[in-house]
Amino acid sequence: MSQPTISADGIGLRLGPVLGKGGEGTVYAIENRPGFALKLYSLEDLREREKKIEAMVAAKLADQTKLVSFPVSVARTESGRFAGFLMPLVSGCKAIHEVYGPKARNENFPGADYRFLVRAAYNVACAIGAVHKAGCVIGDINHSGILVSKEAVAALIDADSFQFSANGANYRCHVGVPEYTPPELQGVTLSAANRTPNHDAFSLAVLIFQLLMMGKHPFSGAFRRGDLPLESAIKEFRFAYSMKRSTEMQPPKGFCTIDIFPHQIREAFEDAFSPNGVNGRPTPLQWLGLLKELESNLIKCSTNSLHYYPNAAAFACPWCLIERQFGIQFFVPRVPAFAPAEGFADASIAGFDLSSVISELQRITVPTPISLAPAISSASPKPSPEAISLASKGIESKALGVVGLICAGLFLFYKPLLWFVWGPIGFWAFRQFSLKTSHSGHVRTRNAALQTAWRDKVRAWYEASGFAHVQEIRARLERARADLAGAPGIRAADIAEYKRNRRSLQLQKWLEGFYIERAKISGVGTAKTAALASFGIETAADVELSAVMAVPGFGPKNAEPLIDWRASLEKHFVYSEAPTALDATCLAAIDQRCTNKIIEAKRILAAGPAELRAAIRTLEARAKTYGNGLSALHMQWLQLHADAEHIGALAALEPLDLDAAIKLMPQPVSASQVGSKGKAGNGATSVGPSSHPRPNSPQASSSAQAPLCPNCSARMVKRTARRGRNKGGTFWGCTTYPRCKGTRSI
Numbered sequence: 023m024s025q026p027t028i029s030a031d032g033i034g035l036r037l038g039p040v041l042g043k044g045g046e047g048t049v050y051a052i053e054n055r056p057g058f059a060l061k062l063y064s065l066e067d068l069r070e071r072e073k074k075i076e077a078m079v080a081a082k083l084a085d086q087t088k089l090v091s092f093p094v095s096v097a098r099t100e101s102g103r104f105a106g107f108l109m110p111l112v113s114g115c116k117a118i119h120e121v122y123g124p125k126a127r128n129e130n131f132p133g134a135d136y137r138f139l140v141r142a143a144y145n146v147a148c149a150i151g152a153v154h155k156a157g158c159v160i161g162d163i164n165h166s167g168i169l170v171s172k173e174a175v176a177a178l179i180d181a182d183s184f185q186f187s188a189n190g191a192n193y194r195c196h197v198g199v200p201e202y203t204p205p206e207l208q209g210v211t212l213s214a215a216n217r218t219p220n221h222d223a224f225s226l227a228v229l230i231f232q233l234l235m236m237g238k239h240p241f242s243g244a245f246r247r248g249d250l251p252l253e254s255a256i257k258e259f260r261f262a263y264s265m266k267r268s269t270e271m272q273p274p275k276g277f278c279t280i281d282i283f284p285h286q287i288r289e290a291f292e293d294a295f296s297p298n299g300v301n302g303r304p305t306p307l308q309w310l311g312l313l314k315e316l317e318s319n320l321i322k323c324s325t326n327s328l329h330y331y332p333n334a335a336a337f338a339c340p341w342c343l344i345e346r347q348f349g350i351q352f353f354v355p356r357v358p359a360f361a362p363a364e365g366f367a368d369a370s371i372a373g374f375d376l377s378s379v380i381s382e383l384q385r386i387t388v389p390t391p392i393s394l395a396p397a398i399s400s401a402s403p404k405p406s407p408e409a410i411s412l413a414s415k416g417i418e419s420k421a422l423g424v425v426g427l428i429c430a431g432l433f434l435f436y437k438p439l440l441w442f443v444w445g446p447i448g449f450w451a452f453r454q455f456s457l458k459t460s461h462s463g464h465v466r467t468r469n470a471a472l473q474t475a476w477r478d479k480v481r482a483w484y485e486a487s488g489f490a491h492v493q494e495i496r497a498r499l500e501r502a503r504a505d506l507a508g509a510p511g512i513r514a515a516d517i518a519e520y521k522r523n524r525r526s527l528q529l530q531k532w533l534e535g536f537y538i539e540r541a542k543i544s545g546v547g548t549a550k551t552a553a554l555a556s557f558g559i560e561t562a563a564d565v566e567l568s569a570v571m572a573v574p575g576f577g578p579k580n581a582e583p584l585i586d587w588r589a590s591l592e593k594h595f596v597y598s599e600a601p602t603a604l605d606a607t608c609l610a611a612i613d614q615r616c617t618n619k620i621i622e623a624k625r626i627l628a629a630g631p632a633e634l635r636a637a638i639r640t641l642e643a644r645a646k647t648y649g650n651g652l653s654a655l656h657m658q659w660l661q662l663h664a665d666a667e668h669i670g671a672l673a674a675l676e677p678l679d680l681d682a683a684i685k686l687m688p689q690p691v692s693a694s695q696v697g698s699k700g701k702a703g704n705g706a707t708s709v710g711p712s713s714h715p716r717p718n719s720p721q722a723s724s725s726a727q728a729p730l731c732p733n734c735s736a737r738m739v740k741r742t743a744r745r746g747r748n749k750g751g752t753f754w755g756c757t758t759y760p761r762c763k764g765t766r767s768i
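The sequence shown maps to residues 23 to 768 in the working numbering.
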């Protein structure tokens, strides 16, 4: 390298490789000053910038924090002309968008889990707080000015653009990106605006939201009245995930909402993105407390060891649900050099005795509804006064009928012409004999009512006792047994499928290396890039016409440059027959999926005997308690039986059949009907004996206990959306509506 022409602190600097290049200048490594970097400006007019850098160096800002790459020395040419500044070198880090974007994170931070994201958010708040403590305002917070290390430590660069005041002079920040600019500054000439820490607080809240919500931008969603640019959504305070305000925005379909977070986190986001935030948003210090609390209360997913989630999430791991729905991976494990795992199945179930667990389960006798039916009395009650009265009237009627027929016969024999006398007498006498039939109709009506009441009462007893819950546990145990037994076969099938699709997967992986954020695509600026990322479109591999068209703000015309960009990249793809890093990654992912399935199956089966016994104890107690209604109803039938027998209408009566009523219940789904990949269900031994057809277990959504409202903690109920994008869909709504409008997704 030629003799250095740049010096700092009187020492000549030997320029090393270029570390970065932007619109204002170029950043170099320094060969003779390890640990430092040099920024050389390419601007023509450097007078104001020189004063600002000199003031920053004089204020010794770099001594106040190690989290910000503040200027430490002024750099000048041999002639003494201002050229740039020396600053601490930040190495081994990636821009923050490489952290919150799932695909970039999986590429650059394999093995990172949700705890990493929460800690990164904490450290970003810490770094921004350090800037404010030093008397600066960042102003231009953006996705490339914050770097994150593999330990989740955050560092800020581009400190020369910060707003800074010294010696009566205010050096403003002249720039900003729309997706991080607060509503009150949207459309404002930024070079003339005095920035405040509250402006930074908006940008910080956006970054924290993106980190905690897998790259989603808080203002990117579907607008009810057509397309709305991201800048306009921010300016109009249309927080797409708001649970307190009607913003006419819906978050990307199928993704989780902020109800997975504790109340304090939700409130912080609402405050940061609402009109009230103009007067005060959560500060970095407040975020530090909230994120520390969030981190300490994360729950580890029982299925995926890389999944941690907030303890406020209802029922299940939200990342598992989204990954299953969209076929994506939010987190991937670190992949060592791949070696075929012939012992995979044995190693995966080592220490778990499946046969002993199944044997224990089969020793548990699951009671049938017949075996738990309440004791029903067989005693025959005496006929009721009403029946006795009806029977007496029947005898009297028959006697009168005999007398009437005799009289009618005499008139007919002696006075046949007096038909108008003997005819009515004979008709009246015949009616007296038919009263038995009328009594039968009365019995038949009462019997029909009792039969209906009996079936309803049996159903109520069956449901209240918990037979369905017991059968649901049995079905879950059977599925777990099938999953565990079938894991090796599933793995083999998945590997075979991977080999069949190897070429298309290589192409997919190759396209995933081209990020929209790094490319120069006509009509796609930073705001549109953020909108695309919020809808899961980060790389060329995600660019499909239908997917792009689903993003608000994109139509056939401005989607075309993206489609053309992908097509131009595909032309340069070269397929490799040799083993690649992708093979190791995909095969490791297959092993991870199978391992997750095995872990979950083992967890269910290990807890199965205790869970099943507890459910049976509850079932037996409830069946006894709720069976009193059946006994009382059967006593009514016995009384009707005695009455019918007394009045001679027994043929009109049907027995109350408990077994027949139970058979009217929906029958259970068998293990072979439960969708289980592979051949695990063939020839499977069912879990636990039963001597009666099992009732249907309700779906998890109906049998699960309703969640609590995230706003007021009242119980929630299922409701149907009447309007909006999710019209006709179901969601959890607060029971105190309209006083409280809290909701949760289902």
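We put the beta carbon where it would ideally sit given N, CA and C, even for glycine. The structure displayed is predicted, hence computed values, not measured ones.
With 16 other Cβ atoms within 10 Å as the buried cut-off, status of serine 242: By one-based count along the sequence shown, residue 242 stands at place 220. So serine 242 counts as buried.
Selected residue, minimal CA-CA separation from valine 49, among Pro56, Pro39 and Arg55: One-based indexing of the sequence shown puts residue 49 at position 27. Minimum Cα distance to valine 49 is reached at Pro39.
Rounded Cβ spacing between leucine 234 and alanine 143 (contact assumed at less than 8 Å): Residue 234 sits at position 212 when you count from the first residue of the sequence shown. Residue 143 sits at position 121 when you count from the first residue of the sequence shown. With 8 Å as the limit, leucine 234 and alanine 143 qualify as a contact, their Cβ atoms being about 6 Å apart.
DSSP three-state assignment for threonine 474, whether helix, strand or coil: As a first step, residue 474 is located in the sequence shown; it is residue number 452 there, counting from the start. Here threonine 474 sits in helix by DSSP.
CB-CB length for leucine 169 against lysine 116, believed under 8 Å: In the sequence shown, counting from the first residue as 1, residue 169 sits at position 147. In the sequence shown, counting from the first residue as 1, residue 116 sits at position 94. Indeed, because the Cβ distance is near 7 Å, the residues count as touching under 8 Å.
Pair within 8 Å by beta-carbon distance, cysteine 148 and leucine 376: If you number the sequence shown from 1, residue 148 lands on position 126. If you number the sequence shown from 1, residue 376 lands on position 354. In this structure, leucine 376 does not lie closer than 8 Å to cysteine 148 by Cβ.
Close beta carbons around proline 631, own chain, < 8 Å, minus the five adjacent residues each side: Mapped onto the sequence shown, residue 631 falls at position 609. Only Val379, Glu382, Leu383 and Ile386 meet the Cβ criterion.
Which residues DSSP lists as bridging serine 29, in chain order: The count along the sequence shown starts at 1 and reaches residue 29 at position 7. DSSP output for serine 29 lists Gly34 and Arg98 as bridge partner(s).
Residue nearest to asparagine 333 in terms of C-alpha spacing, selected from His285, Gln308, Glu289 and Glu345: Reading the sequence shown from its first residue, position 311 is the one you call residue 333. The candidate whose alpha carbon is nearest that of asparagine 333 is His285.
Stretch pair the segment 559–568 + the segment 528–537: three plus CB contacts closer than 8 Å: yes
Touch test, the segment 540–556 against the segment 626–642, Cβ-Cβ under 8 Å, three pairs minimum: no
Arginine 496 to leucine 634 span [Cα, whole Å]: As a first step, residue 496 must be located in the sequence shown, where it is residue number 474. As a first step, residue 634 must be located in the sequence shown, where it is residue number 612. C-alpha separation (whole angstroms): 8 Å.
Span of the alpha helix (DSSP H) around methionine 78: One-based indexing of the sequence shown puts residue 78 at position 56. Its alpha helix (DSSP H) spans residues 69–80.
The segment 73–84 in contact with the segment 100–112 per 3-pair CB rule at 8 Å: yes
Proline 405 - DSSP class collapsed to helix/strand/coil: The residue labelled residue 405 in the question sits at position 383 within the sequence shown. Looking at proline 405 - three-state DSSP - the assignment turns out to be coil, as it is neither helix nor strand.
Helix, strand or coil at asparagine 192 according to DSSP, with G and I counted as helix: In the sequence shown, the residue the question calls residue 192 occupies position 170. Three-state result, asparagine 192: strand.
Cut-off 8 Å between Cβ atoms - residues of its own chain near alanine 664, not counting five sequence neighbours on either side: As a working note, residue 664 is residue 642 in the sequence shown. Closer than 8 Å at Cβ, skipping near neighbours: Ser402, Pro403, Lys404, Pro405, Ser406 and Ala409.
Status (buried if at least 16 other CB within 10 Å, exposed otherwise) for phenylalanine 283: The sequence position of residue 283 within the sequence shown is 261, counting from 1. When all chains shown are included, phenylalanine 283 counts as buried.
Nonlocal neighbours in the same chain, by C-beta distance under 7 Å from tryptophan 532, ignoring five residues either side: Here residue 532 is taken as the residue at index 510 of the sequence shown, counted from 1. Here the set comprises Phe595.
Helix, strand or coil at serine 268 according to DSSP, with G and I counted as helix: The residue given as residue 268 occupies position 246 in the sequence shown. Residue state, collapsed to three classes: coil.
Integer-rounded CB distance, given that alanine 227 should sit under 8 Å from phenylalanine 291: For this step, residue 291 is matched to residue 269 along the sequence shown. For this step, residue 227 is matched to residue 205 along the sequence shown. Sure, about 7 Å apart at Cβ, within 8 Å.
With 16 other Cβ atoms within 10 Å as the buried cut-off, status of leucine 307: To locate residue 307, count along the sequence shown from 1; it is residue 285. The residue is exposed, with fewer than 16 neighbouring Cβ atoms inside 10 Å.
Nearest residue (CA-CA) to proline 132, options Ala156, Asn523, Ala174 and Ser166: For the purposes of this step, residue 132 is identified with residue 110 of the sequence shown, where counting begins at 1. Proline 132 has its Cα closest to that of Ala174, out of Ala156, Asn523, Ala174 and Ser166.
Candidates Arg137, Thr640, Pro340 and Ala654: closest to proline 389 by CA position: Here residue 389 corresponds to residue number 367 of the sequence shown, with the count starting at 1. Minimum Cα distance to proline 389 is reached at Thr640.
Threonine 602 versus tyrosine 520 - alpha carbon distance: Within the sequence shown, numbered from 1, the residue matching residue 602 stands at position 580. Within the sequence shown, numbered from 1, the residue matching residue 520 stands at position 498. Going from the Cα of threonine 602 to the Cα of tyrosine 520 covers about 13 Å.
Helix, strand or coil at proline 39 [DSSP, three-state]: Position 17 of the sequence shown, counted from the start, is the residue given in the question as residue 39. Strand, per DSSP.
Valine 170 (DSSP reduced to helix, strand or coil): Along the sequence shown, one-based indexing puts residue 170 at 148. Looking at valine 170 - three-state DSSP - the assignment turns out to be strand.
Beta-carbon proximity of alanine 8 to valine 90, cut-off 8 Å: Shown here, the chain extends from 23 to 768; a query on residue 8 therefore has no answer.
Per DSSP, cross-strand counterpart(s) of lysine 322: Along the sequence shown, one-based indexing puts residue 322 at 300. DSSP output for lysine 322 lists Tyr330 as bridge partner(s).
Buried or exposed (CB count within 10 angstroms, at least 16 for buried), tyrosine 597: Numbered from 1 along the sequence shown, position 575 holds the residue referred to as residue 597. Burial call: exposed.
Cβ neighbours of threonine 27 in the same chain (closer than 7 Å, five flanking residues each side left out): As a working note, residue 27 is residue 5 in the sequence shown. These residues qualify, in order along the chain: Thr99 and Glu100.
Extent of the continuous beta strand (DSSP E) to which lysine 61 belongs: Locating residue 61 in the sequence shown gives position 39, where the first residue counts as 1. Counting along the chain, the beta strand (DSSP E) containing lysine 61 begins and ends at 58–63.
First through last residue of the alpha helix (DSSP H) which encompasses threonine 48: Residue numbering aside, residue 48 sits at position 26 when the sequence shown is read from its first letter. Not the alpha helix (DSSP H): threonine 48 falls in the beta strand (DSSP E), residues 47–52.
Alpha helix (DSSP H) runs wholly inside the segment 249–307, at least 4 long, in chain order: 252–257 and 285–295
Leucine 229 versus arginine 477 - alpha carbon distance: As a position in the sequence shown, residue 229 is number 207, starting the count at 1. As a position in the sequence shown, residue 477 is number 455, starting the count at 1. Answer to the nearest angstrom: the Cα atoms are 59 Å apart.
For proline 362, the three-state DSSP class (helix, strand or coil): Indexing the sequence shown from 1 puts residue 362 at position 340. Summary for proline 362: the model assigns pLDDT 44, below 50, so the residue's position carries little reliability, and this model does not support an answer.
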